[in-house]
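Since the structure comes first, as structure tokens, the remarks are kept for the end.
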RNA sequence: GGAGAGAUGGCUGAGCGGCCGAAAGCGCCGCAUUGCUAAUGCGGUGACGGGGUCACUCCCGUCCUCGGGUUCAAAUCCCGAUCUCUCCGCCA
């Protein structure tokens, strides 16, 4: 949620920022509503004050056996006026909130202005794309030939967009997430969290998925429970409506969860293999930070996520997303894209974002500095580290051998009973 | 799923329809006292919104889980929801 006082003070700045984000918003209309709202509110409060002054007087007179009918009449009149004004105030407040909840975050100043992913900037690369002396296969063929990846039967169970993995391939995934969680908890200073996969609508409002991105989500609407699209949702909402102590920050959480996405806007895209799934597993990093620390934390998360790819020996590049490609709630985002030599594509395996105080305002995440001043909104950040399916894709394609077997990356071997390769049985 | 009990400030815990933003204690902050520490004394100590101000002080409103209702007046009475606890049943 944007700071209302910023919209009042710097409407042009906000207008330009929203435009860069690809958002059309009538800020003048918002400001007019806001002005009306405050006017009505002031009137209403003045009436309340008058009424509050009259009440004890009525009590006093009644107890003393005096006539209080003049005061009673005035109160009655005030109340009838308040009824109408109160309804107007509620309507205005509701309309303002509705607009505010649908306005995206503004991008940071150093984010390149652009409309599509073509305008994202490649800011770093790591590793050399592997060359093969044989025809490298795509993961769907590798998985199929191994008999360990079965899209047909997955579709039988759940329709398109789901995967079914067997034996060592399933084990590979389990090894991956265990490895990632161990790395982040032992070496990167994160606390592991096991969180719910179903959350209330209000929780999704806190992180910004609702109300605007409802079409992206699976929901059990009878219960107002929704399947999380990312662990960001439960982890960022853990401290909702809390005021933390300065000494508590930064808080670093990591969580492994399934993620559920309808991919409503991407129907028909990436239909082969494991690249775009309605359900996938992901290890997520979430940080609550003081505002002055959030830039450094963003780079820290990025480094933590890159470490996973480096340790797995997977070549990747780092993108700084342009304004138009930066998501609704984010202020600045880096994507990590890993190279998949079989399908010859860069695949996004991580998205690392800072949200500034945008989510904090929505979710009521605050902290108080030493010395007991006013509570301030803190900053939230998160990054995937990493999303499983595309990492599996990249491992299969990068570590494939001519005979169709797959070498197991060194760091995963302790997690797979020291297995060194995956081959058809 | 059935029966019952409860929800008050950072915490514990009082609270008669008006004198309650809320006693008391703890904690915390400041000051005093004291070789140091401890102890003691005095004072202070919530959030949100609006107005005002260069800024602080300040003024008004709202908030005793949440939402409705009764009343001139609600922490207090009524209704509903949520959550917590206890017992019974069922269950991975």
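In our numbering, the protein residues as written are 60 to 484. Virtual Cβ for every residue (Gly too), placed ideally from N, Cα, C.
{"Item": "Could you check which residue in 345, 388, 205, 402 has the C-alpha nearest to that of residue 244?", "Value": "345"}
{"Item": "DSSP three-state call for residue 394: helix, strand or coil?", "Value": "strand"}
{"Item": "Helix, strand or coil for residue 438? Go by DSSP, reduced to three states.", "Value": "strand"}
{"Item": "So, does the stretch 416-423 touch the stretch 469-479, judging by three or more C-beta pairs under 8 Å?", "Value": "no"}
{"Item": "In angstroms with no decimal places, state the Cα-to-Cα distance between residue 180 and residue 171.", "Value": "8 Å"}
{"Item": "What residue range does the beta strand (DSSP E) around residue 227 cover?", "Value": "First-last for residue 227: 226-245, but that is the alpha helix (DSSP H), not the beta strand (DSSP E)."}
{"Item": "Taking the DSSP output, what are the residues bridged to residue 341?", "Value": "316, 446"}
{"Item": "CA-CA distance, residue 90 and residue 159?", "Value": "11 Å"}
{"Item": "Could you spell out the range, first to last residue, of the beta strand (DSSP E) harbouring residue 424?", "Value": "424-427"}
{"Item": "Determine the direct distance from the alpha carbon of residue 383 to that of residue 176, and round the result to whole angstroms.", "Value": "8 Å"}
{"Item": "By the three-class DSSP mapping on this structure, what secondary structure does residue 146 have?", "Value": "helix"}
{"Item": "Considering only C-alpha positions, which residue in the set 313, 356, 303, 280 is nearest to residue 289?", "Value": "313"}
{"Item": "Where do the ends of the alpha helix (DSSP H) carrying residue 308 lie?", "Value": "Note, residue 308: premise wrong, no alpha helix (DSSP H); not H, not E."}
{"Item": "How big is the Cα-Cα spacing for residue 120 and residue 134?", "Value": "15 Å"}
{"Item": "According to DSSP, is residue 96 part of a helix, a strand, or is it coil?", "Value": "helix"}
{"Item": "Measure the CB-CB distance between residue 317 and residue 340 and report whether it falls below 8 Å.", "Value": "yes"}
{"Item": "Using the DSSP secondary-structure output, state which residues sit across from residue 279 in a beta bridge.", "Value": "284"}
{"Item": "Along the chain, where does the alpha helix (DSSP H) that runs through residue 205 open and close?", "Value": "198-205"}
{"Item": "Taking the C-alpha atoms as reference points, what is the distance between residue 442 and residue 215?", "Value": "33 Å"}
{"Item": "Give a yes or no on contact between the stretch 100-116 and the stretch 178-197, applying the rule of three or more CB pairs nearer than 8 Å.", "Value": "no"}
{"Item": "For residue 380, which of helix, strand or coil comes out of DSSP?", "Value": "coil"}
{"Item": "Since residue 471 sits in a beta bridge, which residues does DSSP pair it with?", "Value": "Beta-bridge pairing links residue 471 to no other residue."}
{"Item": "Identify whether residue 183 lies in helix, strand or coil by the three-state DSSP scheme.", "Value": "strand"}
{"Item": "Taking the C-alpha atoms as reference points, what is the distance between residue 396 and residue 327?", "Value": "21 Å"}
{"Item": "Strictly by DSSP, which residues pair up with residue 69?", "Value": "Answer by DSSP bridge pairing: none, since residue 69 is not bridged."}
{"Item": "On the DSSP bridge assignment, give the partners of residue 192 in chain order.", "Value": "Paired residue(s): none; residue 192 is not in a bridge."}
{"Item": "Taking only three categories from DSSP, how would you classify residue 208?", "Value": "strand"}
{"Item": "Specify, as a first and last residue, the run of the beta strand (DSSP E) that residue 178 falls within.", "Value": "It is not in any beta strand (DSSP E) - residue 178 carries neither H nor E in the DSSP assignment."}
{"Item": "How many Å lie between residue 202 and residue 400 at the Cα?", "Value": "15 Å"}
{"Item": "Per DSSP, residue 413 forms a beta bridge with which residues?", "Value": "391, 440"}
{"Item": "Based on Cα-Cα distance, which residue from 272, 122, 150, 106 lies nearest to residue 137?", "Value": "106"}
{"Item": "Which same chain residues end up closer than 8 Å to residue 96 when comparing Cβ atoms and leaving out the 5 residues on each side of it in sequence?", "Value": "148, 151, 152, 155"}
{"Item": "To the nearest whole angstrom, what separates the beta carbons of residue 248 and residue 311, a pair I think is in contact under 8 Å?", "Value": "6 Å"}
{"Item": "Determine the closest residue to residue 398 out of 379, 206, 408, 374, with distance taken between C-alpha atoms.", "Value": "374"}
{"Item": "Quick one, are the C-beta atoms of residue 455 and residue 198 less than 8 Å apart?", "Value": "yes"}
{"Item": "Would residue 141 and residue 103 be called neighbours here (beta carbons separated by less than 8 Å)?", "Value": "yes"}
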